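Colleague: I have a structure here, written as structure tokens, and I will follow up with some questions on it.
Pasting the structure below:
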């Protein structure tokens with residue numbers, strides 16, 4: 032049989048249809064892939080700006096403290112001698128240096144100008160004019176959650 | 169002299185009739201008068217002595233139980249009953265001390281009150297001149313008030329922390345009063361605009377010092393050249409510690425220059441700035457160090473280091489801010505950058521070692537943090553650009569799809585046509 | 009003879025009667041003439057609206073509509089959620105493209121006089137849909153709760169408050185109080201995801217039904233009986249698809265090349281940043297209000313300006329009833345007015361961006 036014009040065009044048409052079908056699938060995949068990934072919950076399920084896991088319960092002993100990251104600012108978590116957890120902003124109210132826990136003096140100390148705060152966050156000595164901002168602390172299982180009040 | 173004291177001690181504190189403030193005939197009568205004679209009676213309601221059950225007679229003598237219903241004014245203001253009228257100015261300090269230096273009488277009213285004010289006062293410049301007979305100088309009533317004396321903790325008291333400078337300034341800022349003593353009278357004006365004055369008076373930060381913090385209350389005297397730094401060092405402990413280990417300690421002692429005050433002034437202490445450090449004419453270092461001295465080189469090195477760190481931290485901060493407002497996740501680098509800013513603050517404190525090598529260590533820590541933060545910021549912004557390339561892939565797929573569709577359309581229309 | 013197993017198509021037909029819709033679509037034809045290109049813009053607006061609904065629903069999975077959490081939730085979407093930045097940027101860009109397409113669609117229908125009898129209600133529903141899309145844009149703009157959006161909303165609702173008689177009520181109704189607060193945010197959220205979509209659905213259903221019922225309108229210069237036509241399915245639809253795919257490609261490119269900024273969280277107590285301006289589709293009105301003198305003939309200039317725009321909006325809705333084309337006249341009022349309005353909008357918008 033002599034190949035006719037219509038045979039060639041039929042072949043062209045089926046090639047075109049095949050390509051069209053494949054690229055349609057590719058386009059749909061390119062659209063659906065981000066949508067599905069979007070809907071799957073991310074690794075961090077909530078914004079860290081309002082609450083974070085500051086530490087695990089066994090990381091801090093009584094009369095000890097730890098600096099943790101709260102959003103983009105530092106926070107300090109302390110456990111008093113009686114076992115109570117308290118958390119504060121670790122930003123010194125004097126000139127914004129990061130405070131630290133002094134286990135020898137059992138209080139919070141700022142290395143920049145020797146400011147001192149007690150374990151209720153109150154400024155007791157040195158230049159800081161105001162107490163540290165206090166956060167809410169809750170224990171969930173073995174995690175210590177700190178959130179803004 | 170001590171006879172008078174004994175008399176006052178027993179007479180004033182113990183044997184006089186005690187009458188409630190409201191029932192005191194002195195107050196009742198004097199309220200009916202006007203002007204200068206009425207003022208003390210009006211102020212009595214705010215006076216701590218009256219609130220504790222004392223009355224006019226405890227200082228002025230006399231009998232407050234008579235004079236209204238029974239007896240007359242003369243019976244009340246009777247010399248026989250110890251009435252002394254207006255106390256002699258030269259005797260006021262001893263009069264107050266008759267109770268306030270007596271632990272037994274003070275324990276009745278306020279067991280925690282100190283009883284050494286009079287002893288301190290006698291060592292002060294005011295006290296020494298007072299004892300020598302100068303009635304111009306301050307005594308108890310000039311600062312605490314005579315009538316309407318409020319406790320020091322009361323914000324309306326003239327000796328409450330925020331009011332002290334104005335109280336001292338009543339005399340010390342008055343050129344006429346100070347004319348015979350030959351001391352400056354601009355201290356109050358300098359203080360209220362200083363960083364301590366603004367902190368205390370404007371911002372009500374009670375941790376800030378005022379006149380009595382450095383000069384003392386009752387034992388008021390200027391601190392000596394060799395001891396003024398001890399006063400500053402009470403609060404500014406770290407800087408004082410560093411200074412003592414620095415080459416300036418010996419140099420200042422030899423030149424009889426007071427530490428701290430020489431660079432920072434005493435009354436008009438201004439907020440510190442990086443402009444104080446360096447080699448320009450306006451800097452403090454330049455007032456002593458000549459161009460070829462070691463100190464000059466040290467000042468230049470320290471200034472350059474601090475300014476450099478500040479600039480690098482700012483650049484990193486701007487980059488991160490740009491990434492953050494674009495919507496990139498940079499909370500960790502921003503958090504880490506705060507440590508860099510801590511290093512800058514610490515560096516400025518460490519200037520007091522006056523040792524560029526020691527300062528370098530702190531500056532280098534800060535620079536490292538600034539560099540890492542800058543890298544994080546650039547990386548975040550680079551991620552933004554990377555997404556463009558990622559999207560190119562999808563756009564290519566779409567363009568291919570569009571091209572195929574156009575071909576299909578052409579094919580269909582050819583078939584139809 | 010064995011019973012034929014019904015195909016799924018027959019199964020559905022028996023239950024839904026869907027073949028009637030299929031026949032309608034198969035019969036739909038689109039006229040081909042010099043101005044046919046403008047036919048694409050209705051479908052384009054619809055497609056972009058569909059993109060908004062889909063991306064909007066996705067954003068709803070993570071967005072939190074309160075002043076304390078809104079900004080952080082958008083930040084979360086952009087930084088933590090996979091492709092969150094893409095969905096959010098597409099939503100913001102597609103909003104602008106949709107409103108642009110709606111304006112083009114409206115002006116084309118205006119100049120081609122598609123509103124003539126019996127298509128008056130199609131026009132009215134369309135004009136209302138245009139206003140609705142502006143309301144969507146205004147309410148959605150506030151939702152990220154950043155500084156720019158906060159102040160743009162403040163200025164916009166301030167202007168609403170200037171309307172005579174109902175102004176103060178309108179201002180409180182929009183803001184949920186006297187000032188722009190978290191209450192405003194929650195209220196705008198309710199408008200944006202519930203009230204406006206419900207209204208839009210009703211109007212859109214009406215609009216699309218009317219378009220199918222009356223078929224495509226042809227310009228006055230074309231004879232509807234003699235004009236060549238193409239089938240909607242598959243010819244015109246494939247062309248539509250090309251346009252839609254091009255739109256998706258453009259959106260993806262915009263999201264990647266000009267990503268939508270997060271900005272800084274709104275702070276009601278900090279001063280307004282310089283150069284505050286509403287979104288581009290309100291800019292011509294905003295710029296006009298800047299130029300109006302404060303008093304015109306003893307009356308407040310701003311009030312007159314707002315009333316003028318209100319009147320223009322009313323005339324737009326009532327266009328089919330107030331414009332009469334006369335074949336004998338050399339020129340007609342409508343195209344002239346239309347061109348003047350279009351030029352005005354473009355000029356004022358350009359001025360705002362060049363001066364601002």
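Protein chains in written order, with our numbering: chain A, 32 to 180; chain B, 169 to 585; chain C, 9 to 364.
Yeah, the Cβ is synthetic: ideal placement off N, Cα and C, and Gly gets one too.
For clarity, every value in this text was computed on a predicted model and none was experimentally measured.
Would you say residue 89 (chain A) faces chain B, with C-beta separation under 9 Å as the test?
Modeller: Counting from 1 along the first chain, the entry for residue 89 (chain A) is found at position 58. Not one chain B Cβ lies under 9 Å of residue 89 (chain A).
Colleague: Short of 7 Å in beta carbon distance, which residues of its chain neighbour residue 189 (chain B), apart from the five on each side in sequence? Order them along the chain.
Modeller: Numbered from 1 along the second chain, position 21 holds the residue referred to as residue 189 (chain B). Only weak support exists for where residue 189 (chain B) lies, its pLDDT of 46 falling under 50; the value from the coordinates is given anyway. Once the five neighbours on either side are set aside, the close Cβ partners of residue 189 (chain B) are 195, 212, 218 and 223.
Colleague: Of the residues that make up the stretch 242–255 of chain C, which ones have a beta carbon closer than 8 Å to any beta carbon in chain B?
Modeller: Here the close residues are 242, 243, 246, 247, 249, 250, 253 and 254.
Colleague: Taking DSSP as the reference, what is the three-state secondary structure of residue 97 (chain A)?
Modeller: Start at 1 with the first residue of the first chain, and residue 97 (chain A) comes out as number 66. Looking at residue 97 (chain A) - three-state DSSP - the assignment turns out to be strand.
Colleague: Go to residue 285 (chain B), then tell me how far its beta strand (DSSP E) extends in each direction, as first and last residue.
Modeller: Taking the second chain and counting its residues from 1, one reaches residue 285 (chain B) at position 117. Unbroken run through residue 285 (chain B) is the alpha helix (DSSP H), 285–291; no beta strand (DSSP E).
Colleague: Counting only Cβ pairs nearer than 8 Å, list the residues of chain A close to residue 565 (chain B).
Modeller: In the second chain, residue 565 (chain B) corresponds to position 397, counting from 1. By Cβ distance, chain A contributes 54, 57, 58 and 61.
Colleague: So within the stretch 301–353 of chain B, which uninterrupted alpha helix (DSSP H) runs reach at least 4 residues, ignoring any that extend past its ends?
Modeller: Counting only runs of 4 or more, we get 308–312, 332–340 and 343–346.
Colleague: For residue 643 (chain B), count the other beta carbons within 10 Å of its own beta carbon; 16 or more makes it buried, fewer makes it exposed. Which is it?
Modeller: Here chain B covers residues 169 to 585 and nothing more, so residue 643 (chain B) does not appear.
Colleague: Report the residues of the stretch 263–285 of chain C with a CB closer than 8 Å to any CB of chain B, ordered along the chain.
Modeller: Against chain B - using a Cβ distance shorter than 8 Å - the residues of the stretch 263–285 of chain C are 263, 264, 265, 267, 268, 269, 270, 271 and 272.
Colleague: In its own chain, which residues sit with a C-beta less than 7 Å from the C-beta of residue 186 (chain C), not counting the 5 before and 5 after it?
Modeller: In the third chain, residue 186 (chain C) corresponds to position 178, counting from 1. Counting only Cβ-Cβ distances below 7 Å, and skipping sequence neighbours, we find 180.
Colleague: Could you tell me which of C:20, C:55 and C:257 sits nearest to residue 368 (chain C), measuring between CA atoms?
Modeller: Coverage of chain C is limited to positions 9 through 364, which leaves residue 368 (chain C) absent and any answer about it impossible.
Colleague: Please report whether the beta-carbon of residue 80 (chain A) lies at a distance below 9 Å from any beta-carbon of chain C.
Modeller: One-based indexing of the first chain puts residue 80 (chain A) at position 49. Yes, residue 80 (chain A) lies at the interface with chain C (some Cβ there is under 9 Å from its Cβ).
Colleague: Would you grab the beta carbon distance between residue 520 (chain B) and residue 407 (chain B) for me? Rounded to a whole angstrom, and I think it's under 8 Å.
Modeller: Against the second chain, residue 520 (chain B) aligns to sequence position 352. Against the second chain, residue 407 (chain B) aligns to sequence position 239. Sure, about 5 Å apart at Cβ, within 8 Å.
Colleague: Start and end of the beta strand (DSSP E) containing residue 106 (chain A)?
Modeller: To locate residue 106 (chain A), count along the first chain from 1; it is residue 75. Start and end: 104–110.
Colleague: Helix, strand or coil: how does DSSP classify residue 149 (chain C) here?
Modeller: Residue numbering aside, residue 149 (chain C) sits at position 141 when the third chain is read from its first letter. DSSP places residue 149 (chain C) in helix when its eight states are reduced to three.
Colleague: Name the chain A residues that come within less than 9 Å of residue 542 (chain B), Cβ to Cβ?
Modeller: As a working mapping, residue 542 (chain B) is identified with position 374 in the second chain. Neighbours of residue 542 (chain B) on chain A: none; closest Cβ ~16 Å, over 9 Å.
Colleague: Verify the CB distance criterion: does residue 496 (chain B) have a CB-CB separation below 9 Å to chain C?
Modeller: Stepping through the second chain from its first residue, residue 496 (chain B) is reached at position 328. Residue 496 (chain B) counts as touching chain C.
Colleague: According to DSSP, is residue 122 (chain A) part of a helix, a strand, or is it coil?
Modeller: Indexing the first chain from 1 puts residue 122 (chain A) at position 91. If DSSP states are grouped into helix, strand and coil, residue 122 (chain A) belongs with the strands.
Colleague: Between the Cα of residue 238 (chain C) and those of B:581, B:343, B:328 and B:193, spot the shortest distance and give me the residue it belongs to.
Modeller: Working through the third chain from its first residue, we reach residue 238 (chain C) at position 230. Measuring from the Cα of residue 238 (chain C), the nearest candidate turns out to be B:581.
Colleague: Mind pulling the chain C residues with CB within less than 7 Å of residue 69 (chain A)?
Modeller: On the first chain, position 38 is the one that residue 69 (chain A) refers to. Correct list: 66, 89, 90, 91, 92 and 95.
Colleague: What does residue 519 (chain B) touch in chain A if you count any residue whose Cβ is under 9 Å from its own?
Modeller: On the second chain, residue 519 (chain B) is found 351 positions in, with the first residue counted as 1. What residue 519 (chain B) touches in chain A: nothing, since even the nearest Cβ is about 13 Å away.
Colleague: Got a sec? Which residues, its chain only, sit under 8 Å from residue 516 (chain B) by beta carbon, not counting five neighbours each side?
Modeller: As a working note, residue 516 (chain B) is residue 348 in the second chain. Closer than 8 Å at the Cβ level, and outside the excluded window around residue 516 (chain B), lie 440, 442 and 474.
Colleague: Which residues bound the alpha helix (DSSP H) around residue 238 (chain C)?
Modeller: As a first step, residue 238 (chain C) must be located in the third chain, where it is residue number 230. Unbroken run through residue 238 (chain C) is the beta strand (DSSP E), 237–239; no alpha helix (DSSP H).
Colleague: Less than 9 Å between CB atoms is the rule here; does residue 367 (chain B) satisfy it with respect to chain A?
Modeller: Here residue 367 (chain B) corresponds to residue number 199 of the second chain, with the count starting at 1. Interface residue, yes.
Colleague: Counting only beta-carbon separations shorter than 9 Å, does residue 211 (chain B) have a partner in chain C?
Modeller: Here residue 211 (chain B) refers to the residue found at position 43 when the second chain is read from its first residue. No, because no Cβ of chain C sits closer than 9 Å to the Cβ of residue 211 (chain B).
Colleague: Assuming residue 403 (chain B) and residue 157 (chain A) form a contact by the criterion Cβ under 8 Å, report the distance between their Cβ atoms to the nearest whole angstrom.
Modeller: On the second chain, position 235 is the one that residue 403 (chain B) refers to. On the first chain, position 126 is the one that residue 157 (chain A) refers to. Correct: roughly 7 Å between the Cβ atoms.
Colleague: For residue 260 (chain C), tell me which candidate among A:168, A:65, A:117 and A:38 has the shortest Cα-Cα distance.
Modeller: One-based indexing of the third chain puts residue 260 (chain C) at position 252. Minimum Cα distance to residue 260 (chain C) is reached at A:65.
Colleague: Taking the DSSP output, what are the residues bridged to residue 138 (chain A)?
Modeller: Residue mapping note: residue 138 (chain A) aligns to position 107 of the first chain, counting from 1. Paired residue(s): A:133.
Colleague: With a floor of 4 residues, list each alpha helix (DSSP H) that falls wholly inside the stretch 485–511 of chain B, ordered by position along the chain.
Modeller: Runs found: none.
Colleague: Can you find at least 3 beta carbon pairs, one from the stretch 277–297 of chain C and one from the stretch 118–138 of chain C, that sit closer than 8 Å?
Modeller: No, the stretch 277–297 of chain C does not touch the stretch 118–138 of chain C.
Colleague: Can you give the Cα-Cα distance for residue 246 (chain C) and residue 68 (chain C), rounded to whole angstroms?
Modeller: Looking up residue 246 (chain C) in the third chain gives position 238. Looking up residue 68 (chain C) in the third chain gives position 60. Looking at the two C-alpha atoms, the distance is approximately 32 Å.
Colleague: Residue 81 (chain C) versus chain A: which residues are under 8 Å apart at the beta carbon?
Modeller: Here the question's residue 81 (chain C) lines up with position 73 in the third chain. Correct list: 78.
Colleague: Under 9 Å, CB to CB, which of the residues in the stretch 318–343 of chain B have a partner in chain A?
Modeller: Listed in sequence order: no entries.
Colleague: Can you check whether the CB of residue 146 (chain C) is closer than 9 Å to the CB of residue 294 (chain C)?
Modeller: Locating residue 294 (chain C) in the third chain gives position 286, counting from the first residue. Locating residue 146 (chain C) in the third chain gives position 138, counting from the first residue. Not closer than 9 Å, so no.
Colleague: Pair every Cβ in the stretch 261–268 of chain C with every Cβ in the stretch 322–332 of chain C, then say whether three or more of these pairs are closer than 8 Å.
Modeller: Short answer: they don't touch.
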